[in-house]
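To start, the structure itself, in structure tokens.
As structure tokens, this is what we get:
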């Protein structure tokens, strides 16, 4: 992210800045995807198999909210 800000401060050509910013965005999306998959494989499965009905419902709502946020980006 600092590189993008530095590029802007240096007055670099806008398409170069955009390309760098999109690259950073892609990296973050990959990280977010890995965190979400890890959550599904661990905490989500544990809640669905061992949790009470209330915990299961809460877990499903959490996943639903995360997916809604993901759709916005």
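Numbering (this note's numbering), first residue to last: 1 to 73.
All residues carry an ideal CB built from backbone N, CA and C; glycine is no exception.
For residue 36, the uninterrupted alpha helix (DSSP H) segment begins and ends at 14 to 39. A residue is called buried once 16 or more other Cβ atoms fall within 10 Å of its Cβ, and residue 45, having fewer, is exposed. Taking the C-beta atoms as reference points, residue 47 is found no nearer than 8 Å to residue 54. The beta carbons of residue 19 and residue 3 sit about 11 Å from each other, so the pair does not count as a contact at 8 Å. In this structure, DSSP gives residue 10 a state outside helix and strand, which the three-state scheme calls coil.
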